[in-house]
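Structure record follows, encoded as structure tokens.
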Amino acid sequence: MVGPNLEQAAQVIAENVVSAVVRDPASPLRDTPMARDAAVTAIMVALLRIMPTDDSNRLADACNRGLGELAIIGALGPLVEAVDPDDGSVTMRAG
0 MVGPNLEQAA
10 QVIAENVVSA
20 VVRDPASPLR
30 DTPMARDAAV
40 TAIMVALLRI
50 MPTDDSNRLA
60 DACNRGLGEL
70 AIIGALGPLV
80 EAVDPDDGSV
90 TMRAG
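In this text, residue positions in the sequence shown follow numbering that gives the first Met the number 0: the first is 0, and each later residue adds one.
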């Protein structure tokens with residue numbers, strides 16, 4: 000996902016992370032669209048700070064920093080273990 004449109008790549012990854020977090024039954028992001036939007040934005044900002052990169056660990060760390068920003072609103076839950084830089088898919092682990 001390294002290329003000229005880094006913002007689009009960051010958005011794909013961020014949306015994949017938020018989709019995975021929302022699957023957690025205890026996630027405060029489940030029923031609040033504005034919180035999901037805030038989560039996508041926080042993760043995108045963290046990703047764009049380190050992009051371009053195809054290092055899965057750096058991408059996962061950036062996603063987790065973005066998720067960490069959500070601690071303010073109590074969004075604790077699964078963390079990103081790995082990010083596939085080719086398609087933006089994510090692997091999650093319990094937080």
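The beta-carbon is built from N, C-alpha and C at its ideal position, and this holds for glycine as well. This structure is a prediction, so every number in the text was calculated from the model and none was measured.
Between the options, which lies nearest to residue i when the distance is taken from Cα to Cα?
{"i": "residue 90", "options": "70, 59, 30, 76", "result": "59"}
{"i": "residue 36", "options": "16, 57, 64", "result": "16"}
{"i": "residue 38", "options": "63, 84, 85", "result": "63"}
{"i": "residue 69", "options": "30, 6, 34", "result": "34"}
{"i": "residue 5", "options": "66, 32, 30, 47", "result": "47"}
Excluding the 5 residues preceding and the 5 following residue i in the sequence, name in chain order all residues of the same chain whose CB lies nearer than 7 Å to its CB.
{"i": "residue 77", "result": "19, 20, 23, 91, 92, 93, 94"}
{"i": "residue 49", "result": "57, 61"}
{"i": "residue 88", "result": "15"}
{"i": "residue 28", "result": "17, 20, 21, 34, 35, 38, 74"}
Which same chain residues, not among the five before or five after residue i, have their C-beta less than 6 Å away from its C-beta?
{"i": "residue 26", "result": "20, 76"}
{"i": "residue 1", "result": "Confidence is the limiting factor: at residue 1 the pLDDT is only 47, short of 50, which leaves the residue's position unreliable and the question unanswerable from this model."}
Compare the beta carbon distance of residue i and residue j with 7 Å and say whether it is the shorter of the two.
{"i": "residue 82", "j": "residue 55", "result": "yes"}
Please list, in chain order, all residues of the same chain as residue i whose beta carbon is under 8 Å from its beta carbon, the five residues on each side excluded.
{"i": "residue 65", "result": "13, 16, 38, 41, 42, 43, 44, 45, 46"}
Checklist line | Within the segment 10-52, ranges of the alpha helix (DSSP H) (whole runs, at least 4 residues) | finding: 32-49
Notebook entry, point to check: Counting pairs of Cβ atoms below 8 Å between the segment 41-54 and the segment 5-16, do you hit three or more?
Noted result: yes
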